[in-house]
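Numbering (our numbering), first residue to last: 3 to 617. So the structure is just underneath, and the comments pick up after that.
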């Protein structure tokens, strides 16, 4: 993959194609303003450092002045207003990630917020404290991973959807072409849109973009794996679960597998998303907090809204639920969702989902207990699932078009997969279905015979597996903050010792981040996505009921570790005097008391969102 240093230099004043946005910009930092000038022959605009006001500039105005710092940036990702003024998000470095069709796709390597907040000196001490917290959230947002964009193509639409739209849409600005569900920075673009700075507006898509190529019959084959994360319920692993009242689910991702061979291009779509019920799983210092279903009279309506949206966008939907079943199955009525509230484990959540799906006979629901059937890391047992759904998968098909843009086949439906996180089990299962589809696609294109498969070539099979392993890791980093588990099942079809060690480290990383960091990260996402709007009248993020957990947890941890250490030492000295026995009892009792206190207050000791909480 090429970096900026490898790219051919752009010609100054080269005109932009209709619908494109500026590829490179000159940033001029004056004491009173920032000036952004397109190096592609476009326009310019300024942002006042005092209040963040926007002003389009003529070429002469943009070139005026010399007492400034000059640098190059690669896009404007938007701006946000806080208490003291505005902050402009710019892309400071990029990497060539590959191509989608004839357009280059870039990964945003680094971003930076430019401050236009001179009014901070007029804020009260409480407002300054709030502004400092908001600015810390912006610094977290600067490090957001998995952001991709193109300067001349809308990346939010999959190939099949894009091919059905009018050809004239490509002449519109990119933000007007885009599906707002998949624009990560949609909320940040509002002021640029209002000021009609279309050529500077860069829609970003969060997800994963991987590409590999190989040869079959001396002809080049290119596979692209492109995932788009929905922004309607954006969040972290434990603080965004299930669905909201509109039916949008957490960690909803559309994954497109593109295959190009001899002028033919095919596309196979799968989706994943959290179980579309109202449920939560609040961190409490335990390794696996128990999920609980939220009682609400509109539960069935929420499920209906979710699947109505899917059917409108993708056609027939088949659900594959990979969660564990409860050990003891219960007799259930058609709507037993609330009956299962007390148990709250994964199996009961799965049972509640299955029960709700009985209200939608037109949607096929398939339960596959991944941990039970594929126990011991036996990836090949997914063939049991495929044998059950093969006819439906083949009926849904895939999209195929030729070099003239003529549509040869349509994909008529979609498989929606989920586990609890929609990460590890889901990625393994989606990769299995994608490999089956890839064989069919290449056979239809004439690259393979009807009896051949990519699994017969170690080189090709390894490249395919690498795509899906990296894809799973990237999506997991975005939602859970750690690499995906079960990567060995995708790469080797079985679990290995290095893989077990890697999974263990990732699991520990998830535990730490989910319990002690993700509350703040959730605040950053809520601020960027517009779920929380900063204003003089908005409540302070420091208006918290209860006590602050941060100072107490290290103290409690130190007492526990110290208590265990002293207790162990005094126990070893018990034989020497009765005083050591009494000391051991006292320290053991103190340690047990602190442990009980920490356990009882586990939810309060964890990192929690300040801005929106659960929505």
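Where a beta carbon is used, it is the ideal one built from N, C-alpha and C, also for glycine. Every value quoted in this text rests on a predicted model; they were computed, and no experiment measured them.
If you draw a straight line from the alpha carbon of residue i to that of residue j, how long is it in whole angstroms?
i           : j           : result
residue 178 : residue 164 : 13 Å
residue 469 : residue 379 : 20 Å
residue 170 : residue 483 : 40 Å
residue 472 : residue 61  : 44 Å
residue 225 : residue 84  : 43 Å
residue 436 : residue 313 : 21 Å
residue 247 : residue 86  : 34 Å
residue 156 : residue 174 : 10 Å
residue 143 : residue 305 : 31 Å
residue 416 : residue 400 : 9 Å
residue 229 : residue 205 : 15 Å
residue 287 : residue 608 : 7 Å
residue 620 : residue 103 : As shown, the chain starts at 3 and ends at 617. That puts residue 620 outside it, with no answer to give.
residue 37  : residue 465 : 45 Å
residue 412 : residue 180 : 22 Å
residue 199 : residue 27  : 13 Å
residue 521 : residue 109 : 26 Å
residue 421 : residue 323 : 6 Å
residue 187 : residue 532 : 10 Å
residue 13  : residue 99  : At residue 13, the pLDDT of 35 sits below 50, so the modelled position is not reliable; the number obtained from the coordinates is stated separately. Roughly 22 Å separates the two Cα atoms.
residue 485 : residue 512 : 9 Å
residue 124 : residue 130 : 9 Å
residue 524 : residue 219 : 49 Å
residue 154 : residue 530 : 25 Å
residue 370 : residue 349 : 12 Å
residue 74  : residue 25  : 11 Å
residue 430 : residue 270 : 16 Å
residue 182 : residue 233 : 8 Å
residue 386 : residue 351 : 23 Å
residue 243 : residue 281 : 6 Å
residue 503 : residue 397 : 40 Å
residue 587 : residue 89  : 58 Å
Along the chain, where does the beta strand (DSSP E) that runs through residue i open and close?
i           : result
residue 59  : 56-59
residue 272 : 266-274
residue 78  : 78-83
residue 211 : 207-218
residue 393 : Premise fails: residue 393 lies in the alpha helix (DSSP H), 384-398, not in any beta strand (DSSP E).
residue 38  : 35-40
residue 113 : 105-118
residue 94  : 88-102
If we count the other Cβ atoms within 10 Å of its Cβ and call it buried at 16 or more, is residue i buried or exposed?
i           : result
residue 544 : exposed
residue 11  : Any reading at residue 11 must be qualified, since the residue scores a pLDDT of 38, below 50, and its modelled position is unreliable; the value itself is stated next. Exposed is the call here.
residue 361 : exposed
residue 72  : exposed
residue 126 : exposed
residue 591 : exposed
residue 258 : buried
residue 358 : buried
residue 514 : exposed
residue 594 : exposed
residue 613 : buried
residue 374 : exposed
residue 30  : buried
residue 222 : exposed
residue 295 : buried
residue 535 : exposed
residue 393 : exposed
residue 584 : exposed
So, is the C-beta of residue i closer than 8 Å to a C-beta in chain B?
i           : result
residue 462 : You won't find chain B in this structure, because it holds only one protein chain.
Mind reading off the beta-carbon distance from residue i to residue j? Whole number of angstroms is fine, and I expect it under 8 Å.
i           : j           : result
residue 114 : residue 94  : 5 Å
residue 439 : residue 318 : Residue 439 to residue 318, Cβ: 16 Å. No contact.
residue 149 : residue 526 : Between residue 526 and residue 149 the Cβ distance is about 14 Å, and since that is not below 8 Å, they are no contact.
residue 161 : residue 260 : 7 Å
residue 202 : residue 461 : At roughly 44 Å, the Cβ-Cβ gap does not stay under 8 Å, so residue 202 and residue 461 are not in contact.
Which residue marks the beginning of the alpha helix (DSSP H) containing residue i, and which one marks its end?
i           : result
residue 542 : Here residue 542 belongs to no alpha helix (DSSP H), and DSSP marks it neither H nor E.
residue 374 : 372-375
residue 467 : 460-481
residue 350 : 348-359
residue 627 : No answer is possible for residue 627: the residues shown for the chain start at 3 and end at 617.
residue 314 : 301-316
residue 200 : Neither: residue 200 is in no alpha helix (DSSP H) and is coded neither H nor E.
residue 502 : 499-518
residue 406 : No alpha helix (DSSP H) contains residue 406, which DSSP labels as neither H nor E.
Under the criterion of a Cβ to heavy atom distance below 7 Å, does residue i qualify as lining the ligand FMN?
i           : result
residue 113 : The ligand FMN is not among the ligands present in this structure, which contains no ligands whatsoever.
Cβ pair count under 8 Å reaching 3, the segment 243-263 against the segment 276-288:
yes
Does the segment 49-57 come close enough to the segment 103-120 that 3 or more CB-CB pairs lie under 8 Å?
yes
Closer than 8 Å is the cut-off here; do at least three beta carbon pairs connect the segment 403-414 with the segment 451-471?
no
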